[in-house]
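Asks: Before we start, here is the structure in question, set down as structure tokens.
There are 4 protein chains.
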Amino acid sequence: MSSSNNKIPVAVLAATGTVGQRFVSLLAEHPWFKVVAVTASERSAGQRYADAASWVVPGEIPPGVADLVVRPTDADPGDVPLVFSALPGSVAREVELALAARGYAVCSNASALRMEPDVPLIVPEINPDHIHLIKAQREMRGWSGSIITAPNCAVTGFIFPLKVLHEAFGIEKVNVVTMQAISGAGYPGVSSFDILDNVIPFISGEEDKLETEPAKLLGKLADGKIDPAGFIISPQVNRVPLMDGHLAALSVKLAKDAGMDEVREAFGSFVAPEGVRDLPSTPERPVILRSEDDRPQPRRDRDAGNGMSVSVGRVRPCPVFDVKLVSLVHNTLRGAAGGAIQNAEWLVASGYLGEQTLERLHVGTLAR
Amino acid sequence: MSSSNNKIPVAVLAATGTVGQRFVSLLAEHPWFKVVAVTASERSAGQRYADAASWVVPGEIPPGVADLVVRPTDADPGDVPLVFSALPGSVAREVELALAARGYAVCSNASALRMEPDVPLIVPEINPDHIHLIKAQREMRGWSGSIITAPNCAVTGFIFPLKVLHEAFGIEKVNVVTMQAISGAGYPGVSSFDILDNVIPFISGEEDKLETEPAKLLGKLADGKIDPAGFIISPQVNRVPLMDGHLAALSVKLAKDAGMDEVREAFGSFVAPEGVRDLPSTPERPVILRSEDDRPQPRRDRDAGNGMSVSVGRVRPCPVFDVKLVSLVHNTLRGAAGGAIQNAEWLVASGYLGEQTLERLHVGTLAR
Amino acid sequence: MSSSNNKIPVAVLAATGTVGQRFVSLLAEHPWFKVVAVTASERSAGQRYADAASWVVPGEIPPGVADLVVRPTDADPGDVPLVFSALPGSVAREVELALAARGYAVCSNASALRMEPDVPLIVPEINPDHIHLIKAQREMRGWSGSIITAPNCAVTGFIFPLKVLHEAFGIEKVNVVTMQAISGAGYPGVSSFDILDNVIPFISGEEDKLETEPAKLLGKLADGKIDPAGFIISPQVNRVPLMDGHLAALSVKLAKDAGMDEVREAFGSFVAPEGVRDLPSTPERPVILRSEDDRPQPRRDRDAGNGMSVSVGRVRPCPVFDVKLVSLVHNTLRGAAGGAIQNAEWLVASGYLGEQTLERLHVGTLAR
Amino acid sequence: MSSSNNKIPVAVLAATGTVGQRFVSLLAEHPWFKVVAVTASERSAGQRYADAASWVVPGEIPPGVADLVVRPTDADPGDVPLVFSALPGSVAREVELALAARGYAVCSNASALRMEPDVPLIVPEINPDHIHLIKAQREMRGWSGSIITAPNCAVTGFIFPLKVLHEAFGIEKVNVVTMQAISGAGYPGVSSFDILDNVIPFISGEEDKLETEPAKLLGKLADGKIDPAGFIISPQVNRVPLMDGHLAALSVKLAKDAGMDEVREAFGSFVAPEGVRDLPSTPERPVILRSEDDRPQPRRDRDAGNGMSVSVGRVRPCPVFDVKLVSLVHNTLRGAAGGAIQNAEWLVASGYLGEQTLERLHVGTLAR
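Below you can see the structure in the form of structure tokens.
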């Protein structure tokens, strides 16, 4: 699929915010997708995208999107089979449900529907089979569309080490303390008055997400529903004066004994599942295990694998549980827009966008 | 003791470094002590203090100290009964032992001797009775001097909530993740190249101190030795781009059930022990329990109680242990020079400096 | 005036913002003034001050003010002779004019009326005699109240070196580049997304103020109006990731030759004018000339003289003009609330508050 | 020249420092050059490069260089025709002279020889013809080697707007105030204790370079020497808490009248000279003129043109001179290693490396 002509046309909802901008930026060079519509709140509707968006992500506004006229979020996103949602919590639920009901595939970064029993919460390297929850979703909701969600940005990072440990040894308990970048709060987000020369030991609503989402992600799909994993997580979150990159310090109690060599081996042997491996956004090494004493570090490691690799380090025994380690994720790439785009790739690769849809759009066989 | 004439003359060892400067700065207005001698490495010896010290702490160099001639650290600190040590680890052990052997009282901020069985490791509000370990020390070492030490700067912070919880409910296990200020590394210390827009999940040698010092601090003095408290601590330390203030996120497993109201009550009722309460450096409220969702914060709370109060907040249940909370300490005041000065006050108030010494120096009865 | 009973009661307008909070904080211990009323926008009116204000300045909310009920800004500020205005530009003009017309003395930190021909723009050490412009103001406006204003926060800093140079040698041209702290933008003010690891070479509306206010400040009062000083200023302003302290790099073309020794002497001999010298907020040394190569620095020097001293350094010849130097001001103390309070002190000391007013309020003779 | 086999082998001197690391990093993918030798001080000599270098620049150590054994700086850099020098000032002069005398082409980023009359100081887009000063250099020094230097990192930025203005209108006087990133000081460089929440209005030795280098860069080559441009510059430099990117605020007095439209046109029409345009490191747009009020900003614009474009903005009239503007350069890319590599490309393209040398090395015709 080399020419832009047979790319899948997509819309970005809430395209003027920081996550929306990341979607637009990452999709500019995407081999499968092409942004043909953008939406935003009433205030911006009707303006050129370049005028409506106060562009804050790296690089310039992609020329093909700069001149699109912003549509109101509650209007029709146009003749596209797939929409990316960067909608704020307050409106995400209603708009996403309405769009799926009208047949759109909705790949969402919003938290509103993540924990709905029939909505897949997916990181393709972690729980690719959960994509099939869409079948149950379509049946129950009676629609031909679909909604799939990507987890909270901090969860998207430390779910990688949890996956590795859970699969190899079983997890019983987790204590996790995060140090999160200011970009996670969007724009204008965190006031510099609050965060310069400071740390804020609180992010509204965040700890709930860290407690609940991992168990769903590592749960099992059976009979059209997810049976959550049985471990308990105790999170404490902090905002630190850092642009990008969420760092997590984890202590994990395992179900069976594990030497540090075995743990490191488990990390070393992790690879993306077949199928997922070949998605355009899947990095060569989804997890990078570092052996230095003082890594990973946000500024130095967040861009690994184009911001899609999760870095893990400081693997060592924990005197109160079993294993301690540190993990790092680029929160606005892997942890937000990049993750939702990879989810959309997986949706397409899994056949859920529909042959008919692709044919109607004259989109040929996906090839890279 | 209102006039400067009958203050106790003291020396500051390694007075040109950041902790040494804090000693000099805090002692400038001290009601009991007066700096009459300063030492530093060979390189600085013989210079005026104001020329030798690259002054980096707030305010100006106290006039009375600016013109002192710096003595070499291995020389005699002069006719003083008490010395404050800000010596680096490499030389602290040897120099401090030699001085105590020659009759000096050494109040040290160095880590070298903290875990020696006969050396008191003291925070006056926490374990004031450990001062009496000096008797065993003098007997065993056969000297008339003394060495007392203050704990690691991060430990000095979270030992306050641990003390409160241990006394009220008993502690079994602790998971602690710290976010530590750059001033803790001295000067030049942390390169800005390493820490701007970054977090470093490592501080050399720090986690060992956090694992071992709390149990000694909360241990019991009996038969001339300290029986350490029986809990286990698992620390993870991080350096963050912050000037002053070490923040700690704690999860604690208690020996008996405790509701959050009981926990908050225990914090609310903590006061400094009699005797300690009246020391010049003891703050009115050693522990400040905050009820806001997002406090304590380093920039906003580190100066509470002239930097000697420890702030605690976010007290809430922990799903994997029992209680979670956040605590904050000003690492270079309470956590370094301020703590060692308060220790010296406690040494004097406990009578260990010696009546004869005070009389020889024409220092009258301590009064404030 | 030692007891709180015979202090002058005052109101703070827009008391919930950052400058308003600084007023409340600084007035808590003021020997002459006592805050008895606070106002804010409709949204906050009717609430307790402690609930309405998201307190962000150092220290805790003064107890005497915490429980005041916030009045709406357009209502009567109560039975007080003097109000401090931290009103935003949009409403300052109308509200301040209305209050002066009703007899209040308005000491404003807002920019709205600074350049009005009959409104004094004052820094007491710089142009104390401009206070007498109030006579013309009262005559022209036909009111018994008064409005006096304090200059822009950056101007308040570099006006000190300009004053010294203008008086001693005459100034013809000035090139000034500022590096301004984020606290100057209030709260939430500058997004951390914009300023972390960045510099913004722009502050809306700021350069106009830097071009015009200095000439008025150094102008001459004659015949009931200010004849502005005749020099030209070219400013360039920048926002830098710094909490407090506006730094300015100045190049100045003088009217007559001046050796660097003469320039330094001029700085060394600057003192506050008689009368101004004794105001409670006037620092012992209004200008501190530093001789180090690398000072003044914001974090190290902003608090000099309780944040009311301006620090000057790096005095050296300028190859394109005559003199280059750097000056620093604490922008929210001297440059905002502190300056307006000192103006109010000067207004009272100059007799413009009115004997009758003071008597009616049972406020006795001012004494310190 | 597509295969690595016929690339020109080069050595990097002082390869373990931050600029040395940038050389190694940028040369990893260079189409013409291949690093085959690295040198460092005695302390590191004999170690693997990956062990000797405390790698701090983005990305990982290039595999081809990681295993090179570090040579001592005063030894032979090996069978290479060209060396890149990141040597510190203290040794650069001696080592660089010795190497040129032995026939090496030395492309230096050090300041030691920049102002030598027979050493070209070059930015290829600015003064490409100065390369021919090598002829005079070889004649005078009696060597077959060569030394060419790149200017100071801050100068490399603002020389672009000066070039445009000087060519179009003539420059008489310049006032420039810089805000410079901490990466300019190398590693460990600036202590975080000095720069967090601070600005330092001083960089040792920097202002001298800013006063003298621009006149040489914009000077004319005639009769084997450079006749410096006749304008005067008055610089003031500042270090700000910023990772990368030197920002400069310029005020310029022109020799003839210029409207702002003419000035903007002059910027808009600037292109790299023929020959220079096609060098691998020359960006498509050497100068990017921005029209927003608040750009360029370091974090947002430093990476333009792979860090080789200089961004200019805020072009407006200056009341004391003629034009004010802001310019930005990536100090460690365009302003250090990137600039010196582009110089080497220009040296090769200009034929100064010597056909014989290239033939002996079996390096074919340069082609991209």
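These protein sequences, in sequence, are chains A, B, C and D.
Counting along the first sequence from 1, when you hit position 253 you're at 253 in our numbering, and nothing is skipped either side.
Heads up, our numbering is the position in the second sequence plus 1000, with the first residue counted as 1.
Heads up, our numbering is the position in the third sequence plus 2000, with the first residue counted as 1.
Heads up, our numbering is the position in the fourth sequence plus 3000, with the first residue counted as 1.
For glycine and all other residues, C-beta sits at the position ideal for the given N, C-alpha and C.
If you're wondering where the values come from, they're calculated on a predicted model, not measured in any experiment.
Pick from C:A2028, C:A2037, C:P2031: whose alpha carbon is nearest that of V2012 of chain C?
Replies: When each option's Cα is compared against that of V2012 of chain C, the closest is C:A2037.
Asks: Which same chain residues, not among the five before or five after F3231 of chain D, have their C-beta less than 7 Å away from its C-beta?
Replies: Contacts found: I3171, E3172, K3173, V3174, A3215.
Asks: Alpha carbon to alpha carbon, how far is T16 of chain A from E359 of chain A? Give it in angstroms, no decimals.
Replies: Rounded to whole angstroms, E359 of chain A to T16 of chain A spans 31 Å at the Cα level.
Asks: Taking E3206 of chain D as part of the alpha helix (DSSP H), name the residues at either end of that continuous run.
Replies: Looking at the DSSP string, the run of the alpha helix (DSSP H) that includes E3206 of chain D is 3206-3217.
Asks: Ignoring anything shorter than 4 residues or poking outside the segment 182-261 of chain A, list the alpha helix (DSSP H) runs there in chain order.
Replies: Fully enclosed alpha helix (DSSP H) runs of 4 or longer: 192-195, 206-217.
Asks: Under 8 Å, Cβ to Cβ, is there at least one residue of chain B near A258 of chain A?
Replies: With 8 Å as the cut-off, A258 of chain A does not count as an interface residue toward chain B.
Asks: Okay, do the segment 3087-3098 of chain D and the segment 3107-3124 of chain D touch, 3+ Cβ pairs below 8 Å being the bar?
Replies: Touching, yes, given that three or more Cβ pairs across the two stretches are closer than 8 Å.
Asks: Taking V3276 of chain D as part of the alpha helix (DSSP H), name the residues at either end of that continuous run.
Replies: Run containing V3276 of chain D: none; DSSP gives neither H nor E here.
Asks: Is there at least one Cβ from chain B nearer than 8 Å to L3196 of chain D's Cβ?
Replies: Cβ-Cβ to chain B under 8 Å: yes for L3196 of chain D.
Asks: Taking only beta-carbon positions, decide if G2189 of chain C is within less than 8 Å of chain A.
Replies: Taking Cβ atoms only, chain A reaches closer than 8 Å to G2189 of chain C, which makes this a yes.
Asks: For R3368 of chain D, would you say it is in contact with chain B, using Cβ-to-Cβ distances shorter than 8 Å as the test?
Replies: Bear in mind that a pLDDT of 37 at R3368 of chain D, under 50, signals an unreliable position, so the number given afterwards is only what the model happens to contain. No, because no Cβ of chain B sits closer than 8 Å to the Cβ of R3368 of chain D.
Asks: Return helix, strand or coil for S3002 of chain D, following the three-state DSSP convention.
Replies: The predicted position of S3002 of chain D is uncertain, since its pLDDT is 44 and thus under 50; no value can be drawn from it.
Asks: Can you tell me whether DSSP reads V2326 of chain C as helix, strand or coil?
Replies: In this structure, V2326 of chain C counts as strand in the three-state DSSP scheme.
Asks: Between the Cα of V271 of chain A and the Cα atoms of A:T357, A:F160, A:E29, which residue gives the shortest distance?
Replies: Of the candidates A:T357, A:F160, A:E29, the one whose C-alpha sits nearest the C-alpha of V271 of chain A is A:F160.
Asks: Is the Cβ of S3192 of chain D closer than 8 Å to any Cβ of chain B?
Replies: Yes, S3192 of chain D lies at the interface with chain B (some Cβ there is under 8 Å from its Cβ).
Asks: What ranges does the beta strand (DSSP E) occupy inside the segment 1018-1047 of chain B, keeping only unbroken runs of at least 3 residues that lie completely in it?
Replies: Here the runs fully enclosed are 1033-1040.
Asks: Less than 8 Å between CB atoms is the rule here; does V1056 of chain B satisfy it with respect to chain D?
Replies: It does; some Cβ of chain D falls within 8 Å.
Asks: Where do the N-terminal and C-terminal ends of the alpha helix (DSSP H) with I3134 of chain D fall, by residue?
Replies: Segment 3133-3141, the alpha helix (DSSP H) holding I3134 of chain D.
Asks: Using a Cβ-Cβ cut-off of 8 Å (strictly less than) and excluding sequence neighbours within five positions of D2129 of chain C, which residues of its own chain qualify?
Replies: Around D2129 of chain C: L2221.
Asks: How far does the beta strand (DSSP E) with F1084 of chain B in it extend, from its first residue to its last?
Replies: Where F1084 of chain B is concerned, the enclosing beta strand (DSSP E) stretches over 1082-1085.
Asks: Beta-carbon within less than 8 Å of M260 of chain A's beta-carbon, same chain only, minus the 5 sequence neighbours each way: which residues are those?
Replies: Excluding sequence neighbours, M260 of chain A sits near V315, R316, P317, V323.
Asks: For C3107 of chain D, name the three-state secondary structure that DSSP assigns.
Replies: C3107 of chain D falls in the strand class under three-state DSSP.
Asks: For a test of the three-state rule: what should DSSP assign to L2013 of chain C, helix, strand or coil?
Replies: The answer is strand: DSSP assigns L2013 of chain C an E or B state.
Asks: Just reading off the beta strand (DSSP E) that K173 of chain A is part of, what are its end residues?
Replies: K173 of chain A -> beta strand (DSSP E) spans 171-180.
Asks: If we call anything under 8 Å between Cβ atoms a contact, is S192 of chain A one with V2190 of chain C?
Replies: For S192 of chain A and V2190 of chain C, yes; Cβs fall inside 8 Å.
Asks: Straight-line CA distance for R1302 of chain B to G1335 of chain B?
Replies: Computed Cα separation, rounded: 11 Å.
Asks: By Cβ distance below 7 Å, which residues in the same chain neighbour S2041 of chain C in space, the five residues on each side in sequence not counted?
Replies: These residues qualify, in order along the chain: T2073.
Asks: For F169 of chain A, I'd like the list of residues in its chain whose CB is within less than 7 Å of its CB, leaving aside the five on either flank, ordered along the chain.
Replies: Within the same chain, F169 of chain A has close Cβ partners L254, A255, K256, A258.
Asks: CB-CB under 6 Å to P228 of chain A, same chain, minus the five flanking residues each way: which ones, in chain order?
Replies: Contacts found: A215, K216, G219.
Asks: Give the single residue among D:P3235, D:T3282, D:V3177, D:D3067 whose Cα lies nearest to the Cα of V3326 of chain D.
Replies: Answer by Cα proximity: D:V3177.
Asks: State the CB to CB distance for the pair V3312 of chain D and V3276 of chain D, rounded to an integer number of angstroms; the pair is presumed to be in contact (CB under 8 Å).
Replies: Going by Cβ atoms, the distance from V3312 of chain D to V3276 of chain D rounds to 19 Å, so no, they are not a contact pair.
Asks: Taking 8 Å as the threshold (beta carbon to beta carbon), is P1241 of chain B in contact with chain D?
Replies: It does; some Cβ of chain D falls within 8 Å.
Asks: If you measure beta-carbon to beta-carbon, which residues of the segment 1301-1320 of chain B are closer than 8 Å to chain A?
Replies: The segment 1301-1320 of chain B vs chain A, Cβ under 8 Å: G1313, R1314, C1318, P1319, V1320.
Asks: Roughly how many angstroms separate the alpha carbons of V1070 of chain B and A2266 of chain C, rounded to a whole number?
Replies: Computed Cα separation, rounded: 35 Å.
Asks: When DSSP labels each residue in this structure, what does T156 of chain A get in the three-state scheme?
Replies: Note: T156 of chain A maps to helix in three-state DSSP.
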